[in-house]
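When the sequence shown is numbered by my numbering, its final residue is 560 and no position is left out of the sequence of numbers.
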Amino acid sequence: MAWLWLISVGVTDIQFPVWTLDDAGILTGPRRFEIERGGIRDVHKGLLALLQNQQISFPPELPNAIPREERKGLKLDFLQSGTDFVATIHHDRYQISNHATKEIPNERETKMPLYCPKVRPLLDLARGLFGEEPVRVVVLNTHRDEQSFNGPNEPIASGPLVAKFIAEQLGLNYLDHQGGIPAALEAATSTWVDILCGNEVMEQTDTQQKIIQRLTAIIRANLLEQSIKYKIAITTTGGMPPLKSIIERVPAICLGQEAVVLLEQPEHGPVSSKGLNYSDRADEREILRFHCAEALRHGDYASAYGLANRYSQVLPWAKMVRNRLGPLLDLPSSGNFLSVQGRNLHSHERYACQVDVRLCMGDIAGAVMKLGIFLESVIWYLIKRSSQLQQLGLRIKQEYGPLDGPWPGDDIFNKLLDKNSDGDGRHRIKNLWPMENQYYYSWSEWLVDSSALQSIDRHIADRLLTMCRRYNKKDSQNSHSMREYRNLLLHSSVVTNLDEIRKRLERYKLIAGVGEPLGRNFLSLDNVQPLLVGFGVPKLAVDINRDMANLLDTVIEW
């Protein structure tokens, strides 16, 4: 296993020593203080020069900070030229060194001492976390143009200094890539990357997108060997609060949240390392609920299902969305039946709804496949209801099953049934679909014949036959019917032209629309409405829309 430690930094990540002169004239300290953001870039320019000249030291202990009210009026005067520098504090009670000169450098301090209070408390925890595994450290720095809005107040040295400090503490090699993203990150190294550049404003979306790309590139530079398991520790205690969620999220996207550990120094409380678990976060759940509600509003039911499925075991609203949409989308749910307004639908009603929802989502291929199943299910439903067959002593127990009973005397059934040769009276149904062949006879045509329609609404069978013929129609000798397209989509690797299929569906009036709200793509079709009315469900489109509106209300109100 190998570790990458990502650390964000800002103004308060670099602090300075201060000594206090008490009423008895005795100096106590050191303590530490932070300088204000205003004009901090000039000080950090000098610190970068000192770092380059190896004139920075990191004391072994981290002293206490002076209180906020006590540091008011403290100002660090810092001058640097070449290898020469002077740092002092002009104040009656405070000075930067306990040496008589009140300046650094002096006889005992030739280097500028600095503290890294945000990461030092994490070091022991980090050592225990990483153990003997290879470690790479990347500190996320900000280095925007000096002329930019935030330029004069940019803590440009925080990243390099923290990277140097960690390198010394963990025994790593300090690398200076000048803030660029290295092509590869070797093990046992510590460096920094300028995560904000130019005139970028961290709150803006386009800037955050660039930051996401940079973070992804950093992580990819770390993944050198596929055979190694990588984990990422993240510390966002310092700097850039608007980017905290992004800095956590991108590594989780790249490697999975189980590979991410939050290594933190809270403002109040002890240091901690804990796994990243978005499912425990209230804000994450609300973000998910928002996107699920938006998907329901816009008829993107597959996305709504997927979002809800993530938390369907722990959130009641998510469980309801999953179980409500699952049967509609043929996806897992707690029940196998699609119900509308509390009534379980027959199979042909369910398939009609499934055609419509796929068209609603723009899924032409899915609609074509469900359309064929819908038409077949209606044929089987009418066969099962036929009083003519019942009078002939023929019974069907289930769809796609045989007709049980004596062989009919009418020769027409030679085209509709395969006679069972074993004599057990179980005859296989064949030729459901009409074909352009004068010798071919189908069940969809037989259902329209007056002799077959004793208890079957002729209007239903006529509309069904019309749709079946259109489903099997070819534009030309070399073209495909919708039924053939369905088979190609199911079984062939040949790429089909979905736009051409859509145009054919519209031209043949097999669909009413694509991308329309649920109920207006197929359920409202002129040839479908009579089927639903004849089966006693005249308001299926209205009812299913009402159910979806109620589902959205449930997500909103939960």
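Glycine included, every Cβ here is placed at the ideal spot set by N, Cα and C.
Using DSSP with H/G/I as helix, E/B as strand and the rest coil, what is ALA297? Locating residue 297 in the sequence shown gives position 295, where the first residue counts as 1. Correct three-state label for ALA297: helix.
Extent of the continuous beta strand (DSSP E) to which GLN82 belongs: As a first step, residue 82 is located in the sequence shown; it is residue number 80 there, counting from the start. Here the beta strand (DSSP E) through GLN82 covers 78-83.
Looking at C-beta atoms only, is the number of pairs between the region 456-474 and the region 397-406 that lie closer than 8 Å three or more? The count of Cβ pairs closer than 8 Å, one atom from the region 456-474 and one from the region 397-406, stays below three, leaving the stretches out of contact.
Sequence ranges, alpha helix (DSSP H) only - wholly within the region 135-167, length at least 4: none
Under three-state DSSP, which class holds PRO123? The sequence position of residue 123 within the sequence shown is 121, counting from 1. Looking at PRO123 - three-state DSSP - the assignment turns out to be helix.
Give the DSSP bridge partners of ALA235, in chain order. Within the sequence shown, the letter at position 233 stands for residue 235. Beta-bridge pairing links ALA235 to TRP7, VAL263.
Contacts around LYS276, its chain only, beta-carbon distance under 6 Å, and the 5 residues preceding and following it disregarded: Working through the sequence shown from its first residue, we reach residue 276 at position 274. Counting only residues of its own chain and dropping the five nearest sequence neighbours on each side, LYS276 has a CB closer than 6 Å to the CB of LEU264.
Buried or exposed: where does ALA102 fall if 16 or more other Cβ atoms within 10 Å of its Cβ makes it buried? Residue numbering aside, residue 102 sits at position 100 when the sequence shown is read from its first letter. Burial state of ALA102 is exposed, judged by a 10 Å Cβ sphere holding fewer than 16 other Cβ atoms.
Could you tell me the boundaries of the alpha helix (DSSP H) in which LYS505 lies? What you label residue 505 is simply residue 503 of the sequence shown in a count that begins at 1. First-last of the alpha helix (DSSP H) with LYS505: 500-509.
Proximity of VAL342 and ASP528 at Cβ, strictly below 7 Å: Position 340 of the sequence shown, counted from the first residue, corresponds to residue 342. Position 526 of the sequence shown, counted from the first residue, corresponds to residue 528. No, these two residues do not count as a Cβ contact at 7 Å.
What three-state label does DSSP hand TYR442 in the structure shown? Along the sequence shown, read from residue 1 onward, the residue named residue 442 stands at position 440. In the structure shown, TYR442 sits in coil (DSSP, three-state: anything other than H, G, I, E or B).
In whole angstroms, give me the CA-to-CA distance for ALA185 and ILE220. Position 183 of the sequence shown, counted from the first residue, corresponds to residue 185. Position 218 of the sequence shown, counted from the first residue, corresponds to residue 220. The alpha-carbon atoms of ALA185 and ILE220 are separated by roughly 9 Å.
How about the region 335-349 and the region 361-370: do they share at least three Cβ pairs that are nearer than 8 Å? no
Limits of the unbroken beta strand (DSSP E) element including ASP86: As a working mapping, residue 86 is identified with position 84 in the sequence shown. Segment 86-91, the beta strand (DSSP E) holding ASP86.
If the criterion is Cβ atoms closer than 7 Å, does the pair TYR303 and VAL370 meet it? For this step, residue 303 is matched to residue 301 along the sequence shown. For this step, residue 370 is matched to residue 368 along the sequence shown. No. Outside cutoff.
Nearest by alpha-carbon distance to GLU561: which of MET550, THR14, LEU554 is it? Outside the shown range of the chain (3 to 560) lies residue 561, about which nothing can therefore be said.
Determine the DSSP secondary structure at LYS421, reduced to helix, strand or coil. In the sequence shown, residue 421 corresponds to position 419, counting from 1. Coil, per DSSP.
For ASN346, which beta-bridge partners are listed by DSSP? For the purposes of this step, residue 346 is identified with residue 344 of the sequence shown, where counting begins at 1. In DSSP, ASN346 forms a bridge with SER341.
Let me make sure I understand the geometry here. Which of TYR176, VAL380, TRP448, GLY153 has the alpha-carbon closest to that of GLN54? Here residue 54 refers to the residue found at position 52 when the sequence shown is read from its first residue. Closest by alpha carbon: TYR176.
For ILE98, the nearest candidate out of ARG73, THR85, LYS120 (CA to CA): To locate residue 98, count along the sequence shown from 1; it is residue 96. Looking at the Cα atoms, ARG73 is the closest of the given residues.
Check LYS1 in the structure and name its three-state DSSP category. This structure does not reach residue 1, given that the chain is present from 3 up to 560, and the question cannot be answered.
From PRO69 to ARG34, what does the alpha carbon distance come to, in whole angstroms? Looking up residue 69 in the sequence shown gives position 67. Looking up residue 34 in the sequence shown gives position 32. Distance between the alpha carbons of PRO69 and ARG34 is about 10 Å.
Would you please state the rounded distance, in angstroms, between the beta carbons of PRO436 and ASN489? I believe it to be under 8 Å. In the sequence shown, counting from the first residue as 1, residue 436 sits at position 434. In the sequence shown, counting from the first residue as 1, residue 489 sits at position 487. Rounded, the Cβ-Cβ distance is 17 Å, inconsistent with contact.
Could you pull the DSSP bridge partners for TRP21 from this structure? On the sequence shown, residue 21 is found 19 positions in, with the first residue counted as 1. TRP21 pairs with GLN97.
What runs of the beta strand (DSSP E), each 3 residues or longer, lie entirely inside the region 180-232? 191-200
With which residues is TYR280 paired in a DSSP beta bridge? If you number the sequence shown from 1, residue 280 lands on position 278. According to DSSP, which records beta bridges pairwise, TYR280 is partnered with nothing at all.
GLU170, DSSP secondary structure in three states: Start at 1 with the first residue of the sequence shown, and residue 170 comes out as number 168. DSSP places GLU170 in helix when its eight states are reduced to three.
Enclosing beta strand (DSSP E) for ILE431 [first to last residue]: Indexing the sequence shown from 1 puts residue 431 at position 429. Here the beta strand (DSSP E) through ILE431 covers 428-431.
Using only alpha-carbon positions, find the residue among GLY427, LEU198, VAL137 that is nearest to GLN171. Against the sequence shown, residue 171 aligns to sequence position 169. Taking only the C-alpha atoms, the option nearest GLN171 is VAL137.
Does THR30 come out as helix, strand or coil in the three-state DSSP assignment? Reading the sequence shown from its first residue, position 28 is the one you call residue 30. Strand, per DSSP.
Which residue comes first and which comes last in the alpha helix (DSSP H) that contains GLY407? In the sequence shown, residue 407 corresponds to position 405, counting from 1. Careful: GLY407 lies outside any alpha helix (DSSP H) and carries neither H nor E.
Rounded straight-line distance, which links the Cα of ASN325 to that of VAL203: Your numbering for residue 203 matches position 201 in the sequence shown. Your numbering for residue 325 matches position 323 in the sequence shown. About 43 Å.
Could you check if TRP445 is buried or exposed, using at least 16 other CB atoms within 10 Å of its CB as the buried criterion? What you label residue 445 is simply residue 443 of the sequence shown in a count that begins at 1. TRP445 comes out buried.
Mapping DSSP to helix, strand and coil, what is ARG397? For the purposes of this step, residue 397 is taken as the residue at position 395 of the sequence shown. In the structure shown, the three-state DSSP call for ARG397 is strand.
Tell me the DSSP secondary structure of MET242 in three-state form. Position 240 of the sequence shown, counting from 1, holds the residue named residue 242. Three-state DSSP puts MET242 in coil, outside helix and strand.
Are the CB atoms of ALA89 and ILE106 nearer to each other than 7 Å? Indexing the sequence shown from 1 puts residue 89 at position 87. Indexing the sequence shown from 1 puts residue 106 at position 104. Going by C-beta atoms, ALA89 is nearer than 7 Å to ILE106.
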